[in-house]
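Colleague: Following my numbering, the numbering of the sequence shown begins with 980 at its first residue and continues without gaps.
Every residue gets a Cβ at the ideal spot worked out from N, C-alpha and C, and that includes glycine.
Have a look at this one.
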Amino acid sequence: PKALSLLARDKRPLVRHQCGRKNVEATTAAYREVGVEASVEPFIADMAEAYQWADVVICRAGALTVSELAAAGVGALLIPFPAAIDDHQTKNGQWLAENNAAIVLRQADLTPTVLVNELQRLIDNPSRLLAMATSSRALARADATARVADICEEVMA
């Protein structure tokens, strides 16, 4: 919320924030305190619709999230969870970033100013957002389920 409050009011994006059931009140209050409008939700049941709605996603870089971003074809600002086992979220995020589908921000370096500067660069450059989305979609593997099943069958044979 603080980062978004640093944007000029007419430049602020529409915000849809999934925060978990236990955090709805505190998250809603945090947005209210800094004067940023946001739709705060405990859980988004239809992530495909949410990704389709979004121009950019700010999120962690877990494996499922990264695969969803690619399947949906949306660019992202990724903040890998620093305590993830084997730092796998950073590796996931780097894969998207190396393929021009995301920007990775280390949590240790993250401040409202750092986040708003990255977001502002994307807001000011819609062609970059489109390129990130296109790159993200190109990474998707529509046949992933079948490929995993085939590999399992090969291993079990």
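#1: Closest by CA to Ala1029, which one among Leu1056, Val994, Ala1040?
#2: When DSSP labels each residue in this structure, what does Val1083 get in the three-state scheme?
#3: Less than 8 Å separating the beta-carbons of Asn1079 and Ser1114?
#4: DSSP three-state label for Ile1130, please.
#5: If we ignore side chains and look at the alpha-carbon of each, how far apart do Gly999 and Arg1126 end up?
#6: Answer yes if the region 1106-1125 comes into contact with the region 1041-1049, meaning at least three C-beta pairs across the two stretches below 8 Å, and no otherwise.
#7: Of all the alpha helix (DSSP H) runs that stay within the bounds of the region 995-1060, which reach a length of 4 or more residues?
#8: Contact between the region 1018-1033 and the region 1051-1067 is defined here as three or more beta-carbon pairs at a separation below 8 Å; is this criterion met?
#9: Just the Cα atoms here: how many angstroms apart are Val1003 and Ala1136?
#10: Just reading off the alpha helix (DSSP H) that Ala1117 is part of, what are its end residues?
#11: Residues in the same chain with beta-carbon distance under 8 Å from Ala1123, minus the five sequence neighbours each way, listed in chain order, please.
Modeller: Taking the coordinates as given:
#1: Indexing the sequence shown from 1 puts residue 1029 at position 50. It is Val994.
#2: If you number the sequence shown from 1, residue 1083 lands on position 104. Correct three-state label for Val1083: strand.
#3: Taking the sequence shown and counting its residues from 1, the one referred to as residue 1079 is at position 100. Taking the sequence shown and counting its residues from 1, the one referred to as residue 1114 is at position 135. Yes, the Cβ-Cβ distance between Asn1079 and Ser1114 is below 8 Å.
#4: Sequence index remark: in the sequence shown, residue 1130 carries index 151 (1-based). If DSSP states are grouped into helix, strand and coil, Ile1130 belongs with the helices.
#5: To locate residue 999, count along the sequence shown from 1; it is residue 20. To locate residue 1126, count along the sequence shown from 1; it is residue 147. When rounded, the distance between both Cα atoms is 33 Å.
#6: yes
#7: Entirely contained in the region 995-1060, the alpha helix (DSSP H) runs reaching 4 residues are, in chain order, 1003-1012, 1026-1032, 1042-1051.
#8: When C-beta atoms of the region 1018-1033 are compared with those of the region 1051-1067, three or more pairs fall below 8 Å, so the two segments count as touching.
#9: As a working mapping, residue 1003 is identified with position 24 in the sequence shown. As a working mapping, residue 1136 is identified with position 157 in the sequence shown. Approximately 49 Å between the Cα atoms of the pair.
#10: Locating residue 1117 in the sequence shown gives position 138, counting from the first residue. Per DSSP, Ala1117 belongs to the alpha helix (DSSP H) from 1105-1118.
#11: The residue given as residue 1123 occupies position 144 in the sequence shown. Answer for Ala1123: Ser1046, listed in chain order.
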